[in-house]
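In the numbering used here, the protein residues as written are 82 to 200.
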């Protein structure tokens with residue numbers, strides 16, 4: 082329900098604050114989709130950061146009335162240069178990678194070529 086969702090969002094925000102750099106931006110796009118913008122970050126470093134976030138989310142335990150809740154997250158990474166520098170293009174490229182990660186079994190990080198960055 083909503084109270085549990087609020088707790089998950091708060092814990093996710095804490096993980097992002099602890100993991101991301103001060104120059105990075107983390108935002109909720111809607112529902113259960115989020116974006117992290119990592120300025121001046123090569124794709125391989127963005128993938129490594131996404132994998133740190135993925136591992137932190139996987140380790141997160143949310144206490145609920147029904148007992149502990151564990152969640153996982155999938156990530157799609159893309160660089161602005163691939164998207165010709167547009168925000169919509171960048172989000173679109175990242176979405177393609179995100180859906181590839183979900184299709185491959187979830188709890189994964191995918192980069193631009195559609196190959197798993199992590200297992």
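Even glycine gets a Cβ: it sits at the ideal position worked out from N, Cα and C.
Give the straight-line distance between the Cα atoms of residue i and residue j, rounded to the nearest whole angstrom.
i, j, result
"residue 146", "residue 89", "14 Å"
"residue 114", "residue 126", "21 Å"
"residue 106", "residue 148", "32 Å"
"residue 196", "residue 160", "With a pLDDT of 49 at residue 196, under the threshold of 50, the modelled position of this residue cannot be trusted; read the value that follows with caution. Whole-angstrom Cα-Cα distance: 15 Å."
"residue 130", "residue 120", "12 Å"
"residue 83", "residue 151", "16 Å"
"residue 122", "residue 187", "24 Å"
"residue 179", "residue 108", "16 Å"
"residue 94", "residue 128", "19 Å"
"residue 184", "residue 85", "26 Å"
"residue 104", "residue 116", "14 Å"
"residue 124", "residue 102", "16 Å"
Need the endpoints of the alpha helix (DSSP H) that residue i sits in, please.
i, result
"residue 139", "124-140"
"residue 219", "The shown model of the chain, from 82 to 200, leaves out residue 219, and the question about it has no answer."
Which one of the options has the shortest CA to CA distance from residue i?
i, options, result
"residue 118", "151, 171, 192", "171"
"residue 182", "132, 150, 169", "132"
"residue 189", "112, 136, 161", "136"
"residue 110", "169, 191, 187, 192", "169"
"residue 92", "123, 193, 134", "134"
"residue 87", "103, 112, 167, 104", "112"
Taking the beta strand (DSSP E) that residue i belongs to, which residues open and close that run?
i, result
"residue 149", "148-151"
"residue 117", "114-118"
"residue 173", "Here residue 173 belongs to no beta strand (DSSP E); instead the alpha helix (DSSP H) covers 168-184."
Would you call the region 132-144 in contact with the region 165-177, where contact means no fewer than 3 C-beta pairs closer than 8 Å? Judged by pairs of C-beta atoms under 8 Å, the region 132-144 does not touch the region 165-177, as fewer than three such pairs exist.
At least 3 beta-carbon pairs within less than 8 Å: the region 92-107 vs the region 156-163: With the cut-off at 8 Å, the region 92-107 and the region 156-163 do not touch.
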